[in-house]
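Novice: Converting from the sequence shown to the numbering used here requires adding 55 to each position, the first position being numbered 1.
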Amino acid sequence: MLPELGALAKMIGNIWESGIVTNHGPYHELLEERLCEELRVPTAMLFNNGTSALLAALKMFDLEPGAEVITTPLTFAATPHSIAWNGLTPVFADVDPRTMTLDPAAVRKAITPRTRAILGVHTYGTVCDLDGLAEVSQEFGLKIIYDAAHAFSVTVNGAGIGGFGDATAFSFHATKLYTTIEGGAITTPNMIDARKIYMLRNFGIKNEEEVIDVGINGKMNEIQAAIGLLNLDLYRAEQQARASLRTKYNEFLSGFDGVSLQVDQPGVSRSEQYYPLRIDATRFGASRDDLYSHLKDVGIFARKYFYPICTDFTPYMSCPIHCLSKIPVVETLKNQLICLPFHSRVTNEDVEMIRTVFANTAQKRQYQPAL
Ligand SMILES: *Cc1c(COP(=O)(O)O)cnc(C)c1O
């Protein structure tokens, strides 16, 4: 989603005139203020991308080298990368089959004397078991960091999702609902962390003569911030368009045996970042991969998201997934998950086409003569 070019040009004009192009300029400061309101959090600190926000969020707690951080394999590679890049050890735990987010019971099984933190992901905008994870973290004295890259604007009984746990990282990448093209933020439930995050974002510089932490350059520039300010007024319309698309998809998909929709969470608002489905091949009559290629045949590009999962990638291939069952839930899920096209440019004809492909794919198998 891009803002109107004229409006952006005007703001860039102001930036040129002032000569302040980065390092906490006026648009940057204004966006942080407005994000606190929008996300309903006391602290929102901008970053130049979601990954640097995740890196700094983990760095905040000064965990010792090799300390274990438990996370989900059902996420984007940046999540475990941010653990490993900090010199910490990613440990993978299974997900709950209903929410597809970290299962607190599986997290318990992954805990060792070296465990220091949990990095939960609100995958597809579905919120983690906040109470369950809080309970585990209290019992074992662990930090909780959340990756809310899919969960912009989500509220839980009116409270902003960025106010849970010890810190939350957001991504404002161009593929996300709310975007600054590249960008991100750390939010925390209190104001105390702001100084620490500020320094980590700016090379660990305390003042002109003192550098007291191993920081990075995580600063967002003024052009990104200008785009962010404009998009704050635009993303709700996109979100609403997606909400009505969700209703259209739900209407015809709930009629198919073997198709499960994203869960409804009472009291939780939707980000409308993704529209994930699970295809149970036996009940649906065709596999996720069949469906994916039949959609592709008619020019509809769905995504096998997340497939492969992080533990299928070279750096994490040898990592086990701690789970309650013999086979991790996530190993089954990864072959069932498909995300349908989900944005305001999806037309009614597209929806009709997708409906037809689902009907034909399911029917084909149903009417296959028994041999
Ligand atoms: C997009 C994304 C990120 C990374 O954000 P960038 O802004 O692209 O660095 C991290 N985690 C998840 C789950 C994401 O989807």
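Note that beta-carbon positions come from the ideal geometry of N, C-alpha and C, so glycine has one too. None of the values given here were measured: they were computed from a predicted structure.
Express the C-alpha separation of His205 and Pro363 in angstroms, rounding to a whole number.
Specialist: 18 Å
Novice: Report yes if the CB atom of Ala148 is closer than 8 Å to the CB atom of His377, and no otherwise.
Specialist: yes
Novice: Measuring only from the beta carbon, is His83 closer than 7 Å to any heavy atom that is part of ligand 1?
Specialist: no
Novice: Using the C-alpha atoms, what's the distance from Leu395 back to Thr210?
Specialist: 24 Å
Novice: Please report the distance separating the alpha-carbon of Ile173 from that of Asp117.
Specialist: 14 Å
Novice: Compare the C-alpha of Ala298 against each of Glu194, Gln317 and Glu404 and name the closest.
Specialist: Gln317
Novice: Buried or exposed: Phe356, going by 16 or more other Cβ atoms within 10 Å of its Cβ?
Specialist: When all chains shown are included, Phe356 counts as exposed.
Novice: Could you check how far apart the C-beta atoms of Phe397 and Leu300 are, in whole angstroms? I think they sit under 8 Å.
Specialist: Confirmed, Cβ separation roughly 6 Å.
Novice: Less than 8 Å between the beta carbons of Ala139 and Ala222, yes or no?
Specialist: no
Novice: If you drop the 5 nearest sequence neighbours on each side, which residues of the same chain put their C-beta closer than 6 Å to that of Met66?
Specialist: Ala281
Novice: Buried or exposed for Glu277, going by 16 or more other Cβ atoms inside 10 Å?
Specialist: buried
Novice: Taking the alpha-carbon positions, what's the Ile75 to Ile271 distance?
Specialist: 21 Å
Novice: Give me, in chain order, the residues of the same chain whose beta-carbon lies closer than 6 Å to that of Thr243; leave out the 5 immediate sequence neighbours on both sides.
Specialist: Thr98 and Ala222
Novice: Compute the minimum distance between the beta carbon of Glu327 and the heavy atoms of ligand 1, and state whether it is under 7 Å.
Specialist: For ligand 1, not one heavy atom lies less than 7 Å from the Cβ of Glu327.
Novice: Taking only heavy atoms of ligand 1 into account, decide whether any of them is closer than 7 Å to the Cβ of Gly180.
Specialist: no
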